[in-house]
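Heads up, the sequence shown is in our numbering, so the first residue is 1204 and it goes up one at a time.
This report concerns only the one structure given below.
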Amino acid sequence: RGALPGSGDELGFHDDTKAMSQSGTVSFRRPKDMEALEINGQSKRWMRIRIEKGDYGESGTYTLENEKWIFKDDRQLRPPALRSITLRYREDYRDVKHALSFNDFQYTDVTEVARTEFTIFQPFSAKPEESPALYLGFVGKPPNDPLGLFFSLEEELGLGSLPTDEAEIATTELDKYETMRRLAWENGQRVVWEYWDGREWQPLAVDDETHGFTSSGFAFFIAPDDWVLSSKFTEERFWLRARLEQGGYVKPPRIRMIVTNAVDAYNQETVRDEILGSSDASPLQQYKFLKTPLLEDELIEVRERQKPLPEEVADLGPDAVRPDDPENPQNNEVWIHYRRVESFFASGPRSRHYTLDYVTGLVSFGDGRRGMVPNEAKNNIVARSYRIGGGSLGNVNANTLTSLGRSLAYIEGVTNPLPATGGADRETIEEAKNRAPYTIKSRDRAVTSEDYEMLALRASTTLARARCVPDRSNRGHVTLALVPKGELRGDEFSRRLVPSNEVLRYVKRYLDERKLVGTVLNVVRPRYKDLSLRVVLIRRTLGTSDRLRKDIENKLRRFLHSLAGGRDGKGWEFGRPVLKAELIHLVEEVPGVEGVDALEIRDELRNVGVEHVRLDEDELPFLVHVHVAEKVRDDIK
1204 RGALPGSGDE LGFHDDTKAM SQSGTVSFRR PKDMEALEIN GQSKRWMRIR IEKGDYGESG
1264 TYTLENEKWI FKDDRQLRPP ALRSITLRYR EDYRDVKHAL SFNDFQYTDV TEVARTEFTI
1324 FQPFSAKPEE SPALYLGFVG KPPNDPLGLF FSLEEELGLG SLPTDEAEIA TTELDKYETM
1384 RRLAWENGQR VVWEYWDGRE WQPLAVDDET HGFTSSGFAF FIAPDDWVLS SKFTEERFWL
1444 RARLEQGGYV KPPRIRMIVT NAVDAYNQET VRDEILGSSD ASPLQQYKFL KTPLLEDELI
1504 EVRERQKPLP EEVADLGPDA VRPDDPENPQ NNEVWIHYRR VESFFASGPR SRHYTLDYVT
1564 GLVSFGDGRR GMVPNEAKNN IVARSYRIGG GSLGNVNANT LTSLGRSLAY IEGVTNPLPA
1624 TGGADRETIE EAKNRAPYTI KSRDRAVTSE DYEMLALRAS TTLARARCVP DRSNRGHVTL
1684 ALVPKGELRG DEFSRRLVPS NEVLRYVKRY LDERKLVGTV LNVVRPRYKD LSLRVVLIRR
1744 TLGTSDRLRK DIENKLRRFL HSLAGGRDGK GWEFGRPVLK AELIHLVEEV PGVEGVDALE
1804 IRDELRNVGV EHVRLDEDEL PFLVHVHVAE KVRDDIK
């Protein structure tokens, strides 16, 4: 029985849990005569819940009937099991004595307006400035060496393609994107860096890779000699500032983190001067790298007896040929940099080409008709340098890289303040089979929605899905939402899958090369609509309640998952609504469930219960909480 002793109407006691037999809310007014009491060494204002009348069932017993022991469990024992308790309270209205607003390091008295009933006022507001600035204060003066500050920004990468200048059409597309972004930054907003020399702000030369806080990156500078301590904002520091001198932002930059003493790190190892083998002058020779898988930018050299013909040197480039022994003019042997090709289809007898399988590390040379055969010599095929590493295993979480491979002077310890991103595994054979028809159809050009989606998946093997969302209000605008790959097991179904900024940038650059001129391309993360579920079920007697609740939660999370969801298990479709009837049917399929008494869907953004969840064309559902309760049979009507 749920009650509060002496609780008349003055305490307003109300128990939705029906004496702790189901989830719900217990509400009451705090008694005025609550006093502190010491229990187990803790002096608090205590409340207690005790059983005054009734019980929660009885343990089963064995009885002897007709010479047989029979287990009877007529009143199954179901004591309360608390998963969590949330405490909320509401104070009675009373006039405030004083109200002060601390905004931009200044206090403002808002007492009178705060006392006025039904009056709305804004306690905080952006202070209008002719030249807003970011101030950074250092406790000690940095050394007179290059110093890098890394700014991690909350980036909005759906910024569209920047206007194309006809003069830039001839540049490579990968460089064009960065060039246009830089020009837009220079022509749009101008951020100047300054330091305080004791009398006034002086200009500071900074190599700004953030391009005026439009993307994450480093800001490098050397501490000037006349940088002195000064007191600003009640703090004595070595102050510098980044000031917006010109232009503005469509969306003001938001900085997640500023990191000092930071450097770029890559999950790779560089191997140098590895002898691949000795040529016997036979066609179709093959060699293998000792370490795999390889990353791009390998350098393979072959030692030949004579210097190539002048026209061949011009084709190879001046840096592709170097003498074997520069100090011995009698030695005519040279090392020549061979070039990697996808196939020998366009190679001739004098083409110094090779093919390479990056996964297996297998190097193949030509047959003499298509691709040159290396001349016979000992140890004349050498990998001057190549890199190994990469892969999705390198995408480690923040603060997991905490040890150095070798000690470095003045370095006490290391860590990665941000998670590693960008690692991708090689494309599987099945993925290549699925991609091949679309590659032939699109001819490496993005025209239709399907072209954009398939080319995005081709651009990065970290991606599992791509959705081209039509923008009917803006002609010539294309929005592409990307979903990365993820583990389909256990707790991974509780993770929100979003691609990294690096992947979004790379895919955008890749598609900018292949889209139609004039198309404005936005590459974005998927938008997730948060929802929670409360399921009241009728359980069969077999199995345990905890296991059944876990099975139901796992099935619901998997069903609504962006990669494993839907009835076909291929991922929830973008824009497909979440229907209550589907969820009820899904729960009833779980072994041990006799039926569903009630199922509630809560829209977390609006904090209201809904019958179904509508999704926009670029939205996916995300299940925040699942609460499973069991209905007592006596309460079922």
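Note that beta-carbon positions come from the ideal geometry of N, C-alpha and C, so glycine has one too.
Per DSSP, the bridge partner or partners of L1559 = V1566
task = From the DSSP output, in three-state form, read off Y1609 for me.
result = Here residue 1609 is Arg; the residue named in the question, Tyr, does not match the sequence. R1609 falls in the coil class under three-state DSSP.
ask   = Got a sec? Which residues, its chain only, sit under 6 Å from T1367 by beta carbon, not counting five neighbours each side?
value = For T1367, the predicted structure reports a pLDDT of 33, less than 50, and the residue's modelled location is therefore unreliable. The matter cannot be settled from this model.
request  = Use the C-beta contact count for Y1265: other C-beta atoms within 10 angstroms, 16 or more gives buried, fewer gives exposed.
outcome  = exposed
task = For L1751, count neighbouring Cβ atoms within 10 angstroms of its own Cβ and tell me buried if that reaches 16, exposed if not.
result = buried
query = Okay, do the region 1590-1609 and the region 1466-1477 touch, 3+ Cβ pairs below 8 Å being the bar?
reply = yes
inquiry  = Assuming D1749 is part of the alpha helix (DSSP H), what are its boundary residues?
reply    = 1748-1762
task = Excluding the 5 residues preceding and the 5 following V1701 in the sequence, name in chain order all residues of the same chain whose CB lies nearer than 6 Å to its CB.
result = R1728
DSSP three-state assignment for G1415, whether helix, strand or coil = coil
ask   = Does the distance from the CB of T1624 to the CB of E1695 come in under 7 Å?
value = no
ask   = For the candidate residues R1293, P1345, E1633, whose alpha-carbon lies nearest to that of A1667?
value = E1633
key: Neighbourhood of W1249 by C-beta distance below 7 Å, restricted to the same chain and skipping five residues each side   = L1240, I1242
query = Under the rule that 16 or more other beta-carbon atoms within 10 Å means buried, what is F1308, buried or exposed?
reply = exposed
ask   = Who are the near neighbours of E1501 in its chain, counting only those whose CB is closer than 6 Å to its CB and skipping five residues on each side?
value = Y1589
message = Nearest by alpha-carbon distance to E1507: which of G1450, H1540, A1422, F1353 is it?
response = H1540
inquiry  = Using a 10 Å radius around the Cβ and a threshold of 16 neighbouring Cβ atoms, would you call T1417 buried or exposed?
reply    = buried
request  = Let me know the secondary structure DSSP gives P1513 once reduced to three states.
outcome  = helix
Identity of the residues DSSP links to F1423 by a beta bridge = G1351, D1410
message = Restricting to Cα atoms, I'd like to know which of V1827, L1766, S1748 is closest to G1795.
response = S1748
query = The alpha helix (DSSP H) spanning R1318 covers which residue range?
reply = 1314-1318
key: N- and C-terminal bounds of the beta strand (DSSP E) containing S1652   = That residue, S1652, is in no beta strand (DSSP E); its alpha helix (DSSP H) goes 1652-1662.
query = In terms of alpha-carbon separation, which member of V1462, I1425, V1466 lies closest to D1348?
reply = I1425
task = Name the two residues that bound the continuous beta strand (DSSP E) containing Y1398.
result = 1393-1399
ask   = Assuming N1619 and T1603 make a contact with CB atoms under 8 Å, what is their CB distance in whole Å?
value = 7 Å
request  = From the DSSP output, in three-state form, read off A1832 for me.
outcome  = strand
ask   = DSSP state of S1230, grouped into three classes?
value = strand
message = Taking the straight line between their C-alpha atoms, what separation do you get for E1369 and L1685?
response = Interpretation of E1369 is limited by its pLDDT of 32, a score under 50 that renders its predicted location unreliable; the figure taken from the coordinates is listed afterwards. If I take the Cα positions, the gap works out to 30 Å.
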